[in-house]
Each structure stands twice: as C-alpha cells, then as structure tokens.
Amino acid sequence: MISARQRLASTALDYYPLNRLAAAGFGDPARLPITVKILLEGLLRQADGGRVSETSLRALARWPERPPADAEVPYLPARVLLQDFTGVPAVLDLAAMRSAMQRAGKDAGRIDPLVQADLVIDHSVQVDAFGSLASYARNIEREYERNGERYALLRWAQQAFHNFSVVPPGMGICHQVNLERLSRVVQVQTNAEGSIALPDTLLGTDSHTTMVNGLGVLGWGVGGIEAEAALLGQPTYLPTPVVVGVRMTGSLRPGATATDLVLTLTEMLRAHGVVNKFVEFCGAGLSSLSVPDRATLSNMCPEYGATASLFPVDQQTLRYLETTGRDRQLIELVERYTREQGMFRTDESATPVF
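The opening position of the sequence shown corresponds to residue 0 in numbering that gives the first Met the number 0, with each subsequent residue numbered one higher.
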C-alpha cells in the first residue's frame, strides 16, 4: 500500500499529496475534475490507515475509466451539518447508546462523534412579533419558552460530547451559517502522528446542503441515518462518480443577476440530465462570479437533480473568506494547500477532463 503522507511546505502540518499517485503507478491526477481529486484524497488518506483497499484507490485514480458495475467509493466527510428537526433525534440516539453502555458497566464516554458535528437551530423558529425594534428579542424569548426541554438536551450534548457544537436560534439559516462561519475550505485534523491538512467536506441533513459547494467545499444532503453513521465514523458508499463540467466564459451583463443565471442554468442542466451526477464549474468566467452568486447556483442543485455542484477554489474564494472574517492564517493555508494539490483555479488553468 502506498504511504504518501508528507509535510506541507512552510507549515507544521502533514498532508497527502495527490501527485505521489502517478509515481506509484496509480495514474496521473493532474487533469482530473476537482470533485474526483477531493474524493481521491479521502481514499488516499484512509488507505494509509488500512481502511480502504488499494483496489478502490486504483479504480478512482484511473477515472474516468469505468470500473466494475458494483464498484463503490467510500466517502467519509470531515464534518456533519445538522439542523434541529433531524439533529435532535440523532442526539437522542447517541444519548441512548451512552445509557446502554452505562447499564452494561462500560465506559459511556466511548460513545462520541468521531467527526466534527455542528447543529444549527433554525427549522423550529417561529415569528410571533414583527414590525417593531423589539420583535427579534420577543421572538427569541418565545422560542426558548416553546422549546426549553429540547434546548436543554442540546446544551447537555454540547457539554457531554467532543466534536459537537450547537448554534443557538436566531443566528440564521443553517446553510448561510455554514457558508459564512463554519466552513473552512481546508480542515485540520489531529491524530497520534500529528496534524493533517485535508479538504473540508461534509454531509448535511438538508437537501440544500449543496449551497456550500459555492465555496469550494464538497458536500450534499443525506437522511438522518446516513448522518448518524458518518458521526460514528462509517463512510457513505457512492457509485463511481459521473462529473458533468460546466465551462463559464465572459461575465453577466449589466442588469442580469445570479437569479437570472441560476434559472437559465437549471433549465440547461435539466435538459442535459444530471440526476445523481456531480456538476463542476470551470472556465475564466468564474473570475467575475462572487462566492454569494456561486452559492446561489449551488443552492439550486436539488432543483436540477445533481448530487453536488462544485466551484473550484480561486481568488474569489480567498476574498470571501477575508470578507467574512476568517483569520489570515486559515486563508494562507487554504491557498497553499489547494495550490499544492492542484485544486486552485486561475484563468490559465487547464480545463479538467470530464
């Protein structure tokens, strides 16, 4: 099995460079779609721990060669995004497992999320007051009155579990909070051998989780069972991905908005047929498209039926991270890591082979 872990230049972090695959006879990843590169990095990282076979790694590294029909790609995200309707049952299941461990005389603390989980309380919010400066405070007050028991459970969970955080009501919709605050584009995980830089990936319990694809973060919506499995370190299995490329040129003319673009794009992609496929954007036209506009396109992913619709990391991404208050060290890491992995787009970047 290939062992590709090495130090990321000018950092104290390790990473798994994709360019090592070609030297090891696994195929050259240089012209692969970024979607495939992200999935491939996950396989390479898991293969180092013996969780993925060399056969799975080799099959995806030679994309788009078609592997056997029953071949699947294990996908283990760096994060899980929950909202209160689906997140509370997941917390109850974890609490029930802890109770069962305790009754069996075992260490209940062993039941713990193995990946970062963020639960954003937004789906249960109701509007009682409006039209005055006191409306917000009154609505939040009523929210805690209605859901006090549920929020007490979530507060306990945040204190009891590692890798689990709760965003309280009134902070915004989960997809917006994820885009503006939670997503890092490049994550750092620590194990016994040190700290590793890796692409920020996620599964979310809402169909519009894909909104964060506009930031260069690969993720999509799943059901509660799949999300719980990911929390416990179990991968989701995907068929070998089919990636549809969308090349953009030029810029939006004056008066045209991201809404106009997304409606046109949705019509085109529905006609082409992208159900259960991955969409990836490329081309020099992306330089004039801001991350909020990209997120608008990615947010409509369920409407044209794709699993995800990824935008590459580029200068617009770095600008957005700075605008939303991410620290300079993270922004520098994002640029360094994505350039090293061939995931950073410029106007001179070659078009991936789709």
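By construction, the Cβ of each residue, glycine as well, lies at the ideal position given by its N, Cα and C atoms.
Quantities reported herein were computed from a predicted structural model and do not represent experimental measurements.
So, under 8 angstroms CB-CB, residue i and residue j are touching, yes? Tell me the CB distance rounded to an integer number of Å.
i	j	result
P240	V72	7 angstroms
N298	H207	6 angstroms
L214	V290	6 angstroms
A46	E53	7 angstroms
A3	R19	4 angstroms
L296	V243	In fact, because the Cβ distance is near 14 angstroms, the residues do not count as touching under 8 angstroms.
D313	L285	6 angstroms
L17	Q340	6 angstroms
F310	N190	Wrong, their Cβ atoms sit about 30 angstroms apart, outside the cutoff.
Going by other Cβ atoms of all chains shown within 10 Å of its Cβ, with 16 needed for buried, is residue i buried or exposed?
i	result
Q115	buried
Y14	buried
F129	exposed
S98	exposed
E334	buried
H271	exposed
Q315	buried
D83	buried
A58	buried
Y74	buried
G218	buried
T306	buried
L132	exposed
A156	buried
R183	buried
R6	exposed
S9	exposed
Q328	exposed
D292	buried
A136	exposed
R344	buried
R338	exposed
R44	buried
Can you check whether the CB of residue j is closer than 7 angstroms to the CB of residue i?
i	j	result
V124	P168	yes
S250	S287	yes
T204	L81	yes
I37	P198	yes
M342	I33	yes
A257	L178	no
Y303	R269	yes
V185	Y319	no
D117	L12	no
V245	F280	yes
R141	D127	yes
A228	V79	no
M247	G193	no
V176	V166	yes
L42	V35	no
For residue i, collect the residues of the same chain with a Cβ closer than 6 angstroms to its Cβ; drop the 5 residues on either side in sequence, then sort them by chain order.
i	result
A21	D27
H174	H207, M210
D111	F160, H161
I172	D121
G232	L113
Return the chain-ordered list of same chain residues with a C-beta closer than 8 angstroms to the C-beta of residue i, the five sequence neighbours on each side being excluded.
i	result
R61	F25, G26
V352	R30, L31, P32, P63
P301	S206, H207, T209, G220
A226	V79, L81, T85, A89, L202, G203, T204
T360	The requested residue 360 is not part of the displayed model; the chain covers only 0 to 353.
M267	none
Q188	A77, S194, I195, L197
V273	V243, Y303, G304, A305
A107	R97, S98, M100, Q101
In chain order, what residues of the same chain lie with their CB nearer than 7 angstroms to the CB of residue i, ignoring the 5 residues before and after it?
i	result
I139	P168, G169
L317	I330, V333, E334
G223	T85, P88, A89, T204
M96	I110
P234	P73, Y74, L75
F163	P112, A116, A156, Q157
L264	L296
Can a CB atom of chain C be found closer than 7 angstroms to the CB of residue i?
i	result
L20	Note that chain C does not occur in the displayed structure, where there is just one protein chain.
Does the region 142 to 151 come close enough to the region 92 to 106 that 3 or more CB-CB pairs lie under 8 angstroms?
no
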